[in-house]
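Trainee: Mind looking over this structure? Questions follow.
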Amino acid sequence: MGVWPVLRGSLWHATSIEKSAAIIDEGVIRIGDTSTYRSSHCHKMGCVSLFDFSEPLEDIASQFMNWAGWFGAQSHIRGKATVWFRIDRDAVRGAVKTVKETYKEWAANGYAQYIPFVEVGHRGPVPVSAVTGALVISCQDRSQFKMIEAGPDWQGRIAAYAATLTKLPPPSAFELAMLASTRRPQASRAAIPKSDESLTMDRPPG
């Protein structure tokens, strides 16, 4: 089984190994405050950015090149793996808009940086008590992943699994430029997979 069936249908916050440790220590996922995200829709609305993979597959896959960078190609992510915190929907239901509500809000507020069909925002910081587990995914080989359930010493268990993975060299300037050049608002409809099983995490849908 690949990583996509694990991600499918759930609500997630993606981050680096380093930042995941700080989140667990502090007990809260804070609104991103780097220069990269100050122009984003979620930041402007006072929200923590989350990925919601509950929408129709065709819509999710059409934005693949815009969210796939969170598997490690984002320039600020360092280390062997990324960490995807799984959020309990019931625990945050009153603070998170649906994908459709978020899209309407985005369209009405100046079209800031945003990933349609996938991205939603949690108003204010997310308490770690709402996190049920951490999915650790290798930056080099996405078939290597492990779900670490929340609980005693889960920060240590995240680090221990990540330590078993092969470390990638940092992306070159050319690789980062290529990633940026492939980002687009919509993928070709002809390339959209017809089922969850046909969406691979190793290349764009198709």
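Position one of the sequence shown corresponds to residue 1 (this note's numbering), numbered consecutively onward. All residues carry an ideal CB built from backbone N, CA and C; glycine is no exception. Model, not experiment: these values are computed from the prediction.
Report yes if the CB atom of V131 is closer than 8 Å to the CB atom of A107, and no otherwise.
Mentor: No, the Cβ-Cβ distance between V131 and A107 is not below 8 Å.
Trainee: Compute the Euclidean distance between the alpha carbons of W84 and I23, then round it to the nearest angstrom.
Mentor: 12 Å
Trainee: Just to confirm, are G121 and K97 a CB contact at a threshold of 8 Å?
Mentor: In this structure, K97 lies closer than 8 Å to G121 by Cβ.
Trainee: Under the rule that 16 or more other beta-carbon atoms within 10 Å means buried, what is T166, buried or exposed?
Mentor: exposed
Trainee: Using 8 Å as the threshold, is the C-beta distance between A14 and F51 below it?
Mentor: Cβ distance < 8 Å, so A14 and F51 count as in contact.
Trainee: Could you tell me which of Q140, V99, D90 sits nearest to C42, measuring between CA atoms?
Mentor: V99
Trainee: Considering only DSSP beta bridges, list what V120 is partnered with.
Mentor: L50
Trainee: Pick out the complete beta strand (DSSP E) segments inside the segment 7 to 44, 3 residues or longer, and give them in chain order.
Mentor: 11 to 16
Trainee: Cα-Cα, which of F117, C47, V92, V128 is closest to M65?
Mentor: F117
Trainee: Within this structure, are the beta carbons of I29 and V126 separated by less than 8 Å?
Mentor: yes
Trainee: Could you tell me how far apart the beta carbons of T82 and G72 are, in whole angstroms, since I believe they sit closer than 8 Å?
Mentor: About 5 Å separates the two Cβ atoms, so the contact holds.
Trainee: According to DSSP, is V99 helix, strand or coil?
Mentor: helix
Trainee: Determine the closest residue to M147 out of S40, I87, Y114, E119, with distance taken between C-alpha atoms.
Mentor: The residue with the shortest Cα to Cα distance from M147 is I87.
Trainee: Could you have a look at S138 and say whether DSSP puts it in helix, strand or coil?
Mentor: In the structure shown, the three-state DSSP call for S138 is strand.
Trainee: If I'm right that S62 touches S49 with Cβ under 8 Å, what's the distance once you round it to whole angstroms?
Mentor: The beta carbons of S62 and S49 sit about 19 Å from each other, so the pair does not count as a contact at 8 Å.
Trainee: Are the CB atoms of K80 and S143 nearer to each other than 8 Å?
Mentor: No, these two residues do not count as a Cβ contact at 8 Å.
Trainee: Taking the DSSP output, what are the residues bridged to K146?
Mentor: V136
Trainee: Could you spell out where the alpha helix (DSSP H) holding R86 opens and where it closes?
Mentor: Premise fails: R86 lies in the beta strand (DSSP E), 81 to 87, not in any alpha helix (DSSP H).
Trainee: Using DSSP with H/G/I as helix, E/B as strand and the rest coil, what is P127?
Mentor: strand
Trainee: Would you kindly work out how many angstroms separate the C-alpha atoms of V92 and P56, rounded to a whole number?
Mentor: 22 Å
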